[in-house]
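For reference, the structure discussed in these notes is given below.
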Amino acid sequence: MKRNYTFIPLILLLILAVVACSNHSSKSSNDSEETSTKSTVNVPQFNADSAYQYVQAQADFGPRVPNTSAHKACGAYLANQLEQFGAKVYNQNVDLVAYDNSILKARNIIGAYNPESKKRVLLCAHWDSRPYADEDRDEKKHQTPILGINDGASGVGVLLEVARQLQQQAPTIGIDIIFFDAEDYGTPYFHKGTHKADTWCLGSQYWGRVPHVEGYNARFGILLDMVGGKNATFYQEAFSKRTASKHVKKIWDTAHRLGFGTFFPKGQGTEVTDDHVYVYGLRQIPCVDIIHLDPNTDTGFGEFWHTVDDDMDVIDKGTLHAVGQTVLEVIYNEK
Ligand code: AHN
Ligand code: ZN
Numbered sequence: 105m106k107r108n109y110t111f112i113p114l115i116l117l118l119i120l121a122v123v124a125c126s127n128h129s130s131k132s133s134n135d136s137e138e139t140s141t142k143s144t145v146n147v148p149q150f151n152a153d154s155a156y157q158y159v160q161a162q163a164d165f166g167p168r169v170p171n172t173s174a175h176k177a178c179g180a181y182l183a184n185q186l187e188q189f190g191a192k193v194y195n196q197n198v199d200l201v202a203y204d205n206s207i208l209k210a211r212n213i214i215g216a217y218n219p220e221s222k223k224r225v226l227l228c229a230h231w232d233s234r235p236y237a238d239e240d241r242d243e244k245k246h247q248t249p250i251l252g253i254n255d256g257a258s259g260v261g262v263l264l265e266v267a268r269q270l271q272q273q274a275p276t277i278g279i280d281i282i283f284f285d286a287e288d289y290g291t292p293y294f295h296k297g298t299h300k301a302d303t304w305c306l307g308s309q310y311w312g313r314v315p316h317v318e319g320y321n322a323r324f325g326i327l328l329d330m331v332g333g334k335n336a337t338f339y340q341e342a343f344s345k346r347t348a349s350k351h352v353k354k355i356w357d358t359a360h361r362l363g364f365g366t367f368f369p370k371g372q373g374t375e376v377t378d379d380h381v382y383v384y385g386l387r388q389i390p391c392v393d394i395i396h397l398d399p400n401t402d403t404g405f406g407e408f409w410h411t412v413d414d415d416m417d418v419i420d421k422g423t424l425h426a427v428g429q430t431v432l433e434v435i436y437n438e439k
């Protein structure tokens, strides 16, 4: 009787594959024993000193108010940083009409990682600073531009450090980092003319109508706004809870698992008109606003908010670290 040898190479291959698989699984279980018990994948360590430097670099430009030379120079710096960190950079240079019908020379800056992937998460912050300290206790300062260090630079600083980490170790999914312009040019109380709707978040409104990539989509987004304050409290912002509840839960659970529970109370905060409203409203991408909310102040935000005191002194590296590490943990666990 003649034997059939046709299947022998196939059987050998199968045995080889099984051995390779079992080796792999035993190795990875050893790895997870050796490293952190807190996460299932290797998540890079967020460097808060590095993030702080990126906040300082923005502070050194002075107030980044649209149509000023500081704004222009900072825009160039941010696009260059994203490029240095290996992102594919898109620039949206656009004239936007402000509350007083003045034209703002605005620039949204987008850094894309793994741009071919269909599985994407969007991370964003605004990079402009407010032209008016109209919440300052000293009325004489209400026309003074603010440095916008917590309100603006902190979120950008955290995301630049995230970008640096993305270059060193790529996560499974694609990431887009968007620095929105002209978020903080909303109508001041002292404006005498007609009051228009939707005067905040002009950069994200533009991007929502004309995304940097046609038909752009992402699973969800995270907006960072005022994420560097001392004793910051990130209550669950109400619009985020209503429109992106499962992502709110995931982010707050992650923060608690990492030991940052005091920064991330699970109680509901107020509803805020911020860039995430337009990311959701215009592109249907659920977006979570991690924003410093304080129920004990008149404004609902921190005491520094829209005052001349929003400078480097309000920044705490521990807060930058809590937010940055939470963001890293969330995106590296996204499959
Ligand atoms: C309003 O005050 C309408 N929205 C707050 C959004 C904001 C301003 N975030 C930072 N600056
Ligand atoms: Zn602001």
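Residue numbers (our numbering): 105 to 439.
All residues carry an ideal CB built from backbone N, CA and C; glycine is no exception.
Between the CA atoms of residue j and residue i - distance to the nearest angstrom
{"i": "residue 425", "j": "residue 371", "result": "21 Å"}
{"i": "residue 110", "j": "residue 272", "result": "Note that residue 110 scores 48 on pLDDT, short of 50, meaning its location in the model is unreliable; the coordinates nonetheless yield the value given after this. In a straight line, the C-alpha of residue 110 is about 47 Å away from that of residue 272."}
{"i": "residue 288", "j": "residue 384", "result": "19 Å"}
{"i": "residue 352", "j": "residue 340", "result": "7 Å"}
{"i": "residue 253", "j": "residue 293", "result": "22 Å"}
{"i": "residue 134", "j": "residue 148", "result": "Here the model assigns residue 134 a pLDDT of 36, short of 50, so the residue's position is not dependable and the matter cannot be decided."}
{"i": "residue 194", "j": "residue 263", "result": "16 Å"}
{"i": "residue 367", "j": "residue 275", "result": "25 Å"}
{"i": "residue 205", "j": "residue 295", "result": "12 Å"}
{"i": "residue 146", "j": "residue 207", "result": "46 Å"}
{"i": "residue 261", "j": "residue 439", "result": "26 Å"}
{"i": "residue 192", "j": "residue 182", "result": "13 Å"}
{"i": "residue 302", "j": "residue 286", "result": "12 Å"}
{"i": "residue 330", "j": "residue 219", "result": "28 Å"}
{"i": "residue 200", "j": "residue 382", "result": "15 Å"}
{"i": "residue 283", "j": "residue 229", "result": "5 Å"}
{"i": "residue 297", "j": "residue 243", "result": "20 Å"}
{"i": "residue 307", "j": "residue 412", "result": "23 Å"}
{"i": "residue 265", "j": "residue 305", "result": "24 Å"}
{"i": "residue 190", "j": "residue 437", "result": "21 Å"}
{"i": "residue 279", "j": "residue 202", "result": "30 Å"}
{"i": "residue 270", "j": "residue 318", "result": "24 Å"}
Any non-hydrogen atom of the ligand ZN within 8 Å of residue i CB
{"i": "residue 396", "result": "no"}
{"i": "residue 287", "result": "yes"}
{"i": "residue 224", "result": "no"}
{"i": "residue 255", "result": "yes"}
{"i": "residue 360", "result": "no"}
{"i": "residue 234", "result": "yes"}
{"i": "residue 252", "result": "yes"}
Check: residue i C-beta below 8 Å from any heavy atom of the ligand AHN
{"i": "residue 377", "result": "yes"}
{"i": "residue 179", "result": "no"}
{"i": "residue 416", "result": "no"}
{"i": "residue 470", "result": "Residue 470 lies beyond the residue range present for the chain, which begins at 105 and ends at 439; the question has no answer from this structure."}
{"i": "residue 409", "result": "yes"}
{"i": "residue 406", "result": "no"}
{"i": "residue 425", "result": "no"}
{"i": "residue 402", "result": "no"}
{"i": "residue 240", "result": "no"}
{"i": "residue 204", "result": "no"}
{"i": "residue 246", "result": "no"}
{"i": "residue 295", "result": "no"}
{"i": "residue 413", "result": "no"}
{"i": "residue 230", "result": "yes"}
{"i": "residue 280", "result": "no"}
{"i": "residue 329", "result": "yes"}
DSSP bridge partner residues for residue i (one or two, in chain order)
{"i": "residue 362", "result": "Answer is none; residue 362 lacks a bridge partner."}
{"i": "residue 212", "result": "196"}
{"i": "residue 230", "result": "284"}
{"i": "residue 391", "result": "325"}
{"i": "residue 340", "result": "372"}
{"i": "residue 435", "result": "Looking at the DSSP assignment, residue 435 forms no beta bridge with any residue, so it has no partner."}
{"i": "residue 217", "result": "279"}
{"i": "residue 224", "result": "278"}
Beta-carbon spacing of residue i, residue j below 9 Å
{"i": "residue 316", "j": "residue 214", "result": "yes"}
{"i": "residue 374", "j": "residue 342", "result": "yes"}
{"i": "residue 70", "j": "residue 419", "result": "Because the chain here runs from 105 to 439, residue 70 falls outside it and cannot be looked at."}
{"i": "residue 328", "j": "residue 159", "result": "no"}
heavy atom of the ligand HEM below 8 Å from residue i C-beta
{"i": "residue 290", "result": "This structure simply doesn't include the ligand HEM; it includes the ligand AHN and the ligand ZN instead."}
_Assess contact between the region 309-327 and the region 215-231, defined as three or more Cβ pairs (one per stretch) separated by less than 8 Å. Is contact present?_
yes
*asked:* Does the structure place the region 157-171 close enough to the region 233-245 that three or more beta carbon pairs sit under 8 Å?
replied: yes
*Give a yes or no on contact between the region 202-217 and the region 182-190, applying the rule of three or more CB pairs nearer than 8 Å.*
yes
*Is the region 239-256 touching the region 399-416 in the sense that three or more CB pairs, one from each, lie closer than 8 Å?*
yes
*Are at least three pairs of beta-carbons, each pair with one atom in the region 289-309 and one in the region 357-366, less than 8 Å apart?*
no
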